[in-house]
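Novice:
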Amino acid sequence: MRTSRPDLLSLAAGFGLIVFGAVLLLDAVGAVDLSLSAFAPLACFLVGDVLLAAGLTRRD
Amino acid sequence: MVRAPAERHAVDTMNENTENENTSGAEPQGDAEPQGDAEPRGDEDLAGEQPHGGQDPAGEQPRGAEEPTAEQPTAQQPAPEPPTTQATAEPRRLYRSRSDKVIAGVCGGLARYLNVDPVIVRVVAVALIFAGGAGLLLYAAAFLLVPNEGEGGGPPESPRRLFVIAGVIVLICAIGALLPFHWIWGWNDGWDLLPLGFLALAGLVVWRFVTGQRSHGDARSVVRAMALGVALLIVCFVLAVAAAWASADGGDTVVAGIVIAAGLALIAGAFLEGRARWLILPALAVALPAGAVSAAGLDVTGGHGERTYRPASADAVRSSYHLGAGKLVVDLRGAHLTPGDHPIKVKLGVGEARLIVPDDVCVSTTSHLGIGGVQVFDRDNGGVDFDWEDEHTAPASTPRVVVDANVGIGAFTVHHQGDQGWQLEPGNEACA
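Sequence lines, in order, name chains A and B.
In this text, residue positions in the first sequence follow the working numbering: the first is -15, and each later residue adds one.
In this text, residue positions in the second sequence follow the working numbering: the first is 2, and each later residue adds one.
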């Protein structure tokens, strides 16, 4: 019987996008002021998160 | 070489069935089989290693057995393949190494081809990366064009290793950017590496499709896989442009909502055997440009084109000038400004904003630029996400323009002459 495990890549990308989107939303409503020096590491975290998860995930 | 009893028995049985009386009943003494009449050295080894063959080449075929036994070495001790005339006539070929590789085996294969230490090749390759990215382009070209070692038999390589390496590198960059001493290794000045990063990212995407589609690395499969990758990149590019424009045109809240919704869909899809994986790339294509636009403060809601304002009196001077994209010129030479402060805000999304003042006016400037440069008379500066101040006081009898400029991507300049380009000129002599 096959054990159903959540897909690591989708989870990692999903959480990363939610965090990223939340920051964009806060910037859009004026709650935070997103600068490029803050955006750069944030974007790197998102991309690195996805790449690392893709590398660690077993491809079926 | 000492044989096992069963093996010796088999050899003895075979020897008894041969026509060569010299070997029948004789106990083999290792590799030196009793064919000492005129056997070459290679046959001695092979004769001792062929207990399962139908005949003993040592006794039956003193010369003719040489080639068949050489082509079929046993599993116990494979014989080295003798060099042939045909092999020496073939030119050396460059292959990507399977055994000595860090990413795709390009440097390892090149080192083997040149007969040098692979470390030297790798150091040169890394050095070339910083020479305008030539190393990356050459590596990508070699990866696409140079066949893998033993190409044709093996399955395509998994891209997982490269993804892990790329992911770790990008995360290290992210952490390094947050360190308080990141200026030491020039992150702020390293934005020119950003296009290179995007290029590498695009290469990863295309590479994934290439390795995922080709089975034997033939040109047709590679071209087809590359076409798929490029098509995907085009779709993502369209999405990226649309997201960036929407974000700059006041739709940043909607774009943020789309990104969050994509994240939620991916998490939901994670429990459905990863069926929503296809959503990752388009979601990134939407999220990253939208984030860059928001971070740069790009706002094109003020319209686009070229606008020139020439107020004819001090009362006609606005407190704020705004343009989304294009060229914005505010010419105050005919405004006859009165002594005192005249605050002006200049806001530009993308393009060039130019302020022109008469010689007897002092200008005090505060500016913020997402990406671009600023020039106030004989002073200038530029970069990414920077604030620049050039504040001055003026005598009581002198008018002073207090400018607060905000430019997303582009330039802000202050001149005395209208036709000046990006040219330093003396100015602000009216200031105290």
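Backbone N, C-alpha and C define an ideal beta-carbon position, used for all residues, glycine too.
Keep in mind it's a predicted model, so treat the numbers as computed, not measured.
Along the alpha helix (DSSP H) that carries Thr254(B), what are the first and last residues, could you check?
Specialist: Along the second sequence, one-based indexing puts residue 254(B) at 253. 253 to 271 is the extent of the alpha helix (DSSP H) around Thr254(B).
Novice: If we cut at 9 angstroms on Cβ distances, does Val364(B) have a partner in chain A?
Specialist: Stepping through the second sequence from its first residue, residue 364(B) is reached at position 363. No, Val364(B) lies away from the interface with chain A (no Cβ there is under 9 angstroms from its Cβ).
Novice: For a cutoff of 9 angstroms on Cβ pairs, would you count Asp(-9)(A) as touching chain B?
Specialist: Numbered from its first residue, the first sequence carries residue -9(A) at position 7. Output row for Asp(-9)(A): interface = yes.
Novice: Need the endpoints of the beta strand (DSSP E) that Tyr96(B) sits in, please.
Specialist: Counting from one through the second sequence, the residue named residue 96(B) turns up at place 95. Where Tyr96(B) is concerned, there is no enclosing beta strand (DSSP E), given that its DSSP letter is neither H nor E.
Novice: Please list the terminal residues of the continuous beta strand (DSSP E) segment that includes Leu349(B).
Specialist: Reading the second sequence from its first residue, position 348 is the one you call residue 349(B). Here the beta strand (DSSP E) through Leu349(B) covers 341 to 357.
Novice: In chain A, which residues lie less than 8 angstroms from Leu289(B) when you measure between Cβ atoms?
Specialist: In the second sequence, the residue the question calls residue 289(B) occupies position 288. In chain order: Ala27, Leu30, Val31.
Novice: Chain C beta carbons: is any one of them nearer than 9 angstroms to that of Ser314(B)?
Specialist: The structure shown contains no chain C; its protein chains are A and B.
Novice: Rounded to whole angstroms, what's the CA-CA distance from Gly341(B) to Arg401(B)? Just pull it up for me.
Specialist: Here residue 341(B) is taken as the residue at index 340 of the second sequence, counted from 1. Here residue 401(B) is taken as the residue at index 400 of the second sequence, counted from 1. Each residue's Cα considered, the two are about 6 angstroms apart.
Novice: Kindly list, in the order they appear in chain B, the residues whose Cβ is closer than 8 angstroms to that of Gly14(A).
Specialist: Indexing the first sequence from 1 puts residue 14(A) at position 30. The premise fails here: Gly14(A) is roughly 10 angstroms from chain B at the closest Cβ pair, so nothing lies under 8 angstroms.
Novice: Determine the contact status of Cys363(B) and Ala395(B), defining contact as a CB-CB distance below 9 angstroms.
Specialist: Within the second sequence, the letter at position 362 stands for residue 363(B). Within the second sequence, the letter at position 394 stands for residue 395(B). Yes, they are a contact pair.
Novice: Does the distance from the C-beta atom of Ala336(B) to that of Ser320(B) stay below 9 angstroms?
Specialist: Against the second sequence, residue 336(B) aligns to sequence position 335. Against the second sequence, residue 320(B) aligns to sequence position 319. No.
Novice: Among the candidates Ser295(B), Pro359(B), Pro283(B), Pro344(B), whose CA atom is the shortest distance from the CA of Val31(A)?
Specialist: Walking along the first sequence from the start, residue 31(A) turns up at place 47. It is Pro283(B) whose Cα lies nearest to the Cα of Val31(A).
Novice: Hey, Val301(B) and Val351(B): beta-carbon distance below 9 angstroms or not?
Specialist: Looking up residue 301(B) in the second sequence gives position 300. Looking up residue 351(B) in the second sequence gives position 350. Cβ distance < 9 angstroms, so Val301(B) and Val351(B) count as in contact.
Novice: Ends of the alpha helix (DSSP H) at Ser295(B)?
Specialist: Walking along the second sequence from the start, residue 295(B) turns up at place 294. Residues 281 to 297.
Novice: Between Gly0(A) and chain B, is there a C-beta pair that is closer than 9 angstroms?
Specialist: Stepping through the first sequence from its first residue, residue 0(A) is reached at position 16. With 9 angstroms as the cut-off, Gly0(A) counts as an interface residue toward chain B.
Novice: Which residue from Thr367(B), Glu274(B), His417(B), Gly298(B) puts its Cα closest to that of Gly14(A)?
Specialist: Within the first sequence, residue 14(A) is the residue found at index 30, counting from 1. Comparing Cα-Cα distances from Gly14(A) to each of Thr367(B), Glu274(B), His417(B), Gly298(B), the minimum goes to Gly298(B).
Novice: Tell me which same chain residues have a C-beta within less than 6 angstroms of the C-beta of Trp246(B), skipping the five on either side of it?
Specialist: Within the second sequence, numbered from 1, the residue matching residue 246(B) stands at position 245. If we look at Trp246(B) and ignore the five residues flanking it on each side, it has no Cβ neighbours.
Novice: 9 angstroms is my cut-off, CB to CB: does Gly411(B) come that close to chain A?
Specialist: Numbered from 1 along the second sequence, position 410 holds the residue referred to as residue 411(B). No - not a single Cβ of chain A is within 9 angstroms of the one on Gly411(B).
Novice: Distance, Cα to Cα, Arg97(B) vs Val120(B)?
Specialist: Translated into the one-based positions of the second sequence, residue 97(B) becomes position 96. Translated into the one-based positions of the second sequence, residue 120(B) becomes position 119. Taking the straight line from one Cα to the other gives about 15 angstroms.
Novice: Taking just the CA atoms, how far does Ala241(B) sit from Leu234(B)?
Specialist: Working through the second sequence from its first residue, we reach residue 234(B) at position 233. Working through the second sequence from its first residue, we reach residue 241(B) at position 240. Using only the alpha carbons, I get a separation of about 10 angstroms.
Novice: Residue range of the alpha helix (DSSP H) that Cys432(B) falls in?
Specialist: The count along the second sequence starts at 1 and reaches residue 432(B) at position 431. Segment: none, Cys432(B) is in no alpha helix (DSSP H) and carries neither H nor E.
Novice: Could you tell me the alpha carbon to alpha carbon distance between Arg94(B) and Ile130(B), rounded to whole angstroms?
Specialist: For this step, residue 94(B) is matched to residue 93 along the second sequence. For this step, residue 130(B) is matched to residue 129 along the second sequence. Their Cα atoms are separated by approximately 25 angstroms.
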